[in-house]
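In the order they appear, the protein sequences are chains A and B. The numbering of the first sequence is the numbering used here, which starts it at 83 and goes up by one. The numbering of the second sequence is the numbering used here, which starts it at 4 and goes up by one. Backbone N, C-alpha and C fix where the C-beta goes; we use that ideal spot for every residue, glycine too. Please read these numbers as outputs of a predicted model, since none were measured by experiment. Step one of this worksheet: look at the structure below.
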Amino acid sequence: MSIDAACPDCVRRSLLIGRLAPRIAGLLGEPPQRRTKGVLGLDSEELIEALVPKAERGEARRWLEELDIDAIGDELHETGIDALCIHHEPYPPGLMVAADSPPVLWALGGLRRLEDALRAPVVTVVGTRKPSPYGREMAYALGRDLAAAGVTVVSGLALGVDAAAHRGALDGRGSPIAVVANGPDIPYPRTNTELWRRLAEHGVVVSEMPPGQRPYRWSFPARNRIMAAIAEVTVVVEATQRSGTLITADFAGHLGRTIAAVPGRATSQVAAGPNGLLRDGAAVVRDAGDVLAELTPASQERLRAEPNPSSSAAGSPVVAPAAELDPAAGRVLEAVESEQGLEAIGLRAQLAASEVRGALARLEGAGLVRRDPLGRYLRRAGG
Amino acid sequence: MPDVLAAVTTFSLDGISSREVTVEVDARRGLPTFTLVGLADRAVRESRERVRAALLNSGLDFPQQRLAANLAPAHVHKHGASFDLAIAVGLLAATAQVPQERLGSHAVCGELSLSGRLRPVRGALAFAVGAQRSGYEHLIVPEENAEEAALVSGLDVLPVPDLRRIVDLLRGEWAPDPPRRSDEGFSPPPPELELGDVRGHTDAKRALEIAAAGGHNLLMIGPPGAGKTMLARRLPAILPPLSFEEALEVTQIHSAAGLGTGGLVDRRPFRAPHHTVSPQGLVGGGSPIRPGELTLAHRGVLFLDELAEFSRAALDAMPQPLEEGRVEIVRGQRSVSYPARGMLVAACNDCPCGQPASCRCSELEQGRYMRRLSGPLLDRIDLVCQIESVPTVELVSEPGAGRHESSTQIRDRVGRARERQRGRLKSTAARCNADMDGPLTRRMAGLTAKASASLLGLSQSASLSGRGHDRVLRVARTIADLDGRTDVLPGDVEEALGYRLSPFEQVAA
Numbered sequence: 083m084s085i086d087a088a089c090p091d092c093v094r095r096s097l098l099i100g101r102l103a104p105r106i107a108g109l110l111g112e113p114p115q116r117r118t119k120g121v122l123g124l125d126s127e128e129l130i131e132a133l134v135p136k137a138e139r140g141e142a143r144r145w146l147e148e149l150d151i152d153a154i155g156d157e158l159h160e161t162g163i164d165a166l167c168i169h170h171e172p173y174p175p176g177l178m179v180a181a182d183s184p185p186v187l188w189a190l191g192g193l194r195r196l197e198d199a200l201r202a203p204v205v206t207v208v209g210t211r212k213p214s215p216y217g218r219e220m221a222y223a224l225g226r227d228l229a230a231a232g233v234t235v236v237s238g239l240a241l242g243v244d245a246a247a248h249r250g251a252l253d254g255r256g257s258p259i260a261v262v263a264n265g266p267d268i269p270y271p272r273t274n275t276e277l278w279r280r281l282a283e284h285g286v287v288v289s290e291m292p293p294g295q296r297p298y299r300w301s302f303p304a305r306n307r308i309m310a311a312i313a314e315v316t317v318v319v320e321a322t323q324r325s326g327t328l329i330t331a332d333f334a335g336h337l338g339r340t341i342a343a344v345p346g347r348a349t350s351q352v353a354a355g356p357n358g359l360l361r362d363g364a365a366v367v368r369d370a371g372d373v374l375a376e377l378t379p380a381s382q383e384r385l386r387a388e389p390n391p392s393s394s395a396a397g398s399p400v401v402a403p404a405a406e407l408d409p410a411a412g413r414v415l416e417a418v419e420s421e422q423g424l425e426a427i428g429l430r431a432q433l434a435a436s437e438v439r440g441a442l443a444r445l446e447g448a449g450l451v452r453r454d455p456l457g458r459y460l461r462r463a464g465g
Numbered sequence: 004m005p006d007v008l009a010a011v012t013t014f015s016l017d018g019i020s021s022r023e024v025t026v027e028v029d030a031r032r033g034l035p036t037f038t039l040v041g042l043a044d045r046a047v048r049e050s051r052e053r054v055r056a057a058l059l060n061s062g063l064d065f066p067q068q069r070l071a072a073n074l075a076p077a078h079v080h081k082h083g084a085s086f087d088l089a090i091a092v093g094l095l096a097a098t099a100q101v102p103q104e105r106l107g108s109h110a111v112c113g114e115l116s117l118s119g120r121l122r123p124v125r126g127a128l129a130f131a132v133g134a135q136r137s138g139y140e141h142l143i144v145p146e147e148n149a150e151e152a153a154l155v156s157g158l159d160v161l162p163v164p165d166l167r168r169i170v171d172l173l174r175g176e177w178a179p180d181p182p183r184r185s186d187e188g189f190s191p192p193p194p195e196l197e198l199g200d201v202r203g204h205t206d207a208k209r210a211l212e213i214a215a216a217g218g219h220n221l222l223m224i225g226p227p228g229a230g231k232t233m234l235a236r237r238l239p240a241i242l243p244p245l246s247f248e249e250a251l252e253v254t255q256i257h258s259a260a261g262l263g264t265g266g267l268v269d270r271r272p273f274r275a276p277h278h279t280v281s282p283q284g285l286v287g288g289g290s291p292i293r294p295g296e297l298t299l300a301h302r303g304v305l306f307l308d309e310l311a312e313f314s315r316a317a318l319d320a321m322p323q324p325l326e327e328g329r330v331e332i333v334r335g336q337r338s339v340s341y342p343a344r345g346m347l348v349a350a351c352n353d354c355p356c357g358q359p360a361s362c363r364c365s366e367l368e369q370g371r372y373m374r375r376l377s378g379p380l381l382d383r384i385d386l387v388c389q390i391e392s393v394p395t396v397e398l399v400s401e402p403g404a405g406r407h408e409s410s411t412q413i414r415d416r417v418g419r420a421r422e423r424q425r426g427r428l429k430s431t432a433a434r435c436n437a438d439m440d441g442p443l444t445r446r447m448a449g450l451t452a453k454a455s456a457s458l459l460g461l462s463q464s465a466s467l468s469g470r471g472h473d474r475v476l477r478v479a480r481t482i483a484d485l486d487g488r489t490d491v492l493p494g495d496v497e498e499a500l501g502y503r504l505s506p507f508e509q510v511a512a
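Following this line, the structure appears as structure tokens:
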């Protein structure tokens, strides 16, 4: 695509960060701290002084001087990646206020689409890479229903909650934004290659790391600061107490953004993160409606004025009102909510094994329960 | 002494059936030698030493002549020690120590010990079937094989303890007691383990009942210790008892594999090979070719625990035999066909770590684990059920006690359902619902208009593939059969959907 939306100096600084990426971990100390402490906010000369040994600085300066920006622009033409610097539209306004804003965002999927996506209210949905079925279901439903309501859903293309939120947003016919910790041209983790491809096709994959750059330990928390900064609201679905997800929430808090969390069981490890946030005053998220209520009045107004044009085809499944359920299915539905196995469901609903399976199939057809690949049933969220 | 040629009939194993082998012995004057020809393997060639010692230790004469034994037909490979007796008898006849006139109506089989005692052989039942078919009136067998060989009617089985007695028998100086015949008043014994004893697990028991009724292969998913093996072992208890003909088939297989009990195998076999089994061990093969677990489970249950841990090669060898009910093994110029009509019950954990309470496996790991199962084998599995640990409370005080049925009640219902299927499938190659292919399934489905509408409505949310659709139809058909109905109702379809297999490729939401 092109480099037209980036100043040569910004591109130089971004490429320098890419070149010095392996050294950044060293600067962060041992064991490497997870936050980049403003390193990424330094200008080119400061970066060289901070990261390059004296003897090699001359060479680094020469390399920077001799970068052929036009040639890099030509290379981008073939990749489908745009360079967007902080001085050009549509650089996310939320990201400018950060002290260490990325000089350049490398975007796969087109600047037009990014511009459209950023015009809508932006919500980040993040969580653990190893969610429970409940967490996965909540992330998916939030992604889907927020997208259907016209919100741009942001997440980090990680496994688990992130991937589920992205999938939901795609199914809700939105243009989700994936913020990644490596060059946007690299599908990482590889399991998500197909998802990455769909995101590049229907949404945007952005990164401060230049094309071809692999991820580093420090680049994940660095990526988190971008996700927190571009969104009005950051929703934490499931996270353990020591999760990187909480770094995103922390960034959001420092920037004065709204932190929201999906409540979980008090006894569950993956609920410790969001439940802790809730105790500290985060907004409670039971469904997409709770998130929409946290948006600024201006954003809410915008959603009313410009709803997602394609959302009528997707969004929530048609839910049969509980009154229409046969008594057996109704009792089974109640039992499913306690998240127990088929055996317990049968006992609670006072039904024979043969009737339980049938009732579950009817509930599934009505969109009230979902069957996971292992054949376990869970209550569908957002229904 | 005159130069004499003698011929004795015995048998060799070919798969699970037998092939007639004629042992010709020629004894003539010359340097004392003993040669053995006719594609004999090492065990057969060693037979010379056993025969020599057995003759001498039985007080018989081992002739100091030029001896040649030929195993005909000469182009067939011969394995094992079951030719010993035929060679010894041929030698005795060639040297006029026994008269030859009885050898036309008597076939023999048996391995010799150095003392002259007869040792049992593998495949005695197959040999008896072969002897009867080739028109022999009598079959001389080691005593341990007598009951098994006597399962063949119309054949006089003569159990003999040692070489000395054979001489007496062939000289007409002695006759053995007839062996016990177990085909008279055949009544299969009750199963060893009862499904009726199992507490809780109502869903799994229902799945087992449907599987038994339609002959459907079953996959059980659940954490370790939840009772998957315990349940699988009880499946034979609710299968219809073996008929005498089926019992004969099973006995013949087990006898050929050297697992025979000496008599009729009258219980449905249950085989549970460990997951380290080789592809040859699972479907058959090796050299000499032996039947695999799939064949040993013929008419019974093959249980594969920890399905995901089996080697890819072993799992990939399974679908075709499961489909055809036979294993074809081709090795060089030889090909052997083994029957393999058992039910497959597979089990796996719901996650690679096998610790549901503290499971922290990533999607990646779970996906990788589950994908190991996917593919053609799962295509042969109609039913999937989840096995959950039964809480202790329930084991102690079960609500609604007395609601539980005995294995006999379930078995009767299964038997009636199978009866209905046989009637409906009379004109086809299928014997039970699980045997029906796609087109036949759709023709025989018998869905009411309401049931069709229900399936149509639910198949989208269930994201059913074409084959998945057929599997649901097959299982729904069986559920109706269990209930004694010709029509398949919406409830049957809904229940069948509950046992469907979801594609493991889409592990994520």
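Shown here for residue 189(B): same chain residues with a beta carbon closer than 6 Å to its own, the five before and five after excluded, namely 247 in chain order. Residue 428(A) and residue 441(A) have their C-alpha atoms spaced approximately 10 Å apart. Between the region 315–331 of chain A and the region 184–200 of chain A, the count of C-beta pairs closer than 8 Å stays below three; the two stretches do not touch. Residue environment: residue 336(A) is assigned as exposed (fewer than 16 neighbouring CB atoms within 10 Å of its CB, all protein chains considered). Under the DSSP definition of a beta bridge, residue 288(B) partners with 293(B).
When C-beta atoms of the region 11–20 of chain B are compared with those of the region 91–109 of chain B, three or more pairs fall below 8 Å, so the two segments count as touching. Residue 456(A) and residue 274(B) have their C-alpha atoms roughly 26 Å apart. Closest option to residue 94(A), judged by alpha-carbon separation, among 167(A), 359(A) and 276(A): 167(A). Here the alpha carbon of residue 347(A) sits roughly 22 Å from the alpha carbon of residue 330(A). Between residue 248(A) and residue 261(A), the gap from beta carbon to beta carbon reaches 9 Å or more. The three-state secondary structure of residue 380(B), taken from DSSP, is helix. Only residues of its own chain outside the window of five on either side were considered, and among them 352 and 357 have a CB closer than 7 Å to the CB of residue 227(B), listed in chain order.
With respect to chain B, the C-beta atom of residue 140(A) has no partner C-beta closer than 9 Å. In this structure, DSSP gives residue 90(A) a helical state, which the three-state scheme calls helix. Here the C-alpha atom of residue 411(A) lies approximately 7 Å from the C-alpha atom of residue 445(A). The beta carbon of residue 357(A) sits closer than 8 Å to those of 343, 345, 346 and 348, all from its chain and outside the five residues before and after it, given in chain order.
At least one CB of chain A lies nearer than 9 Å to the CB of residue 353(B). Nearest to residue 118(B) by C-alpha distance, out of 58(B), 136(B) and 250(B), is 58(B). With contacts defined as CB atoms closer than 9 Å, residue 257(A) and residue 195(A) qualify as a contacting pair. Listed along chain A, the residues sitting closer than 8 Å to residue 204(B) by beta-carbon distance are 425. Boundaries of the beta strand (DSSP E) around residue 23(B): 20–31. Taken in chain order, the complete alpha helix (DSSP H) segments of 4 or more residues contained in the region 180–237 of chain A are 193–201 and 215–230. A direct Cα-to-Cα measurement between residue 121(A) and residue 182(A) gives close to 8 Å. Between residue 203(B) and residue 425(A) the beta-carbon gap is near 6 Å, inside 8 Å, which marks them as a contact. Using a Cβ-Cβ cut-off of 9 Å, residue 494(B) counts as an interface residue toward chain A, since at least one Cβ of chain A sits closer than that to its own.
Going by DSSP, residue 143(B) is part of the beta strand (DSSP E) stretching over 141–145. Under the Cβ distance rule, residue 252(A) does not count among the residues neighbouring chain B, no pair being separated by less than 9 Å. When rounded, the separation of the alpha-carbon atoms in residue 292(A) and residue 205(A) is 25 Å. Under the Cβ criterion of 9 Å, residue 461(B) is counted among the residues facing chain A.
Shown here for residue 175(A): not one same chain residue has a beta carbon closer than 6 Å to its own, the five before and five after excluded. Per DSSP, residue 49(B) lies in no alpha helix (DSSP H) and is assigned neither H nor E. DSSP places residue 308(A) inside the alpha helix (DSSP H), whose first and last residues are 301–312. At least 9 Å separates the CB of residue 488(B) from every CB of chain A. Interface with chain A (9 Å Cβ-Cβ cutoff): residue 500(B) is included. Secondary structure at residue 81(B): strand, using DSSP grouped into helix, strand and coil.
Secondary structure of residue 368(A) (DSSP, three-state): coil.
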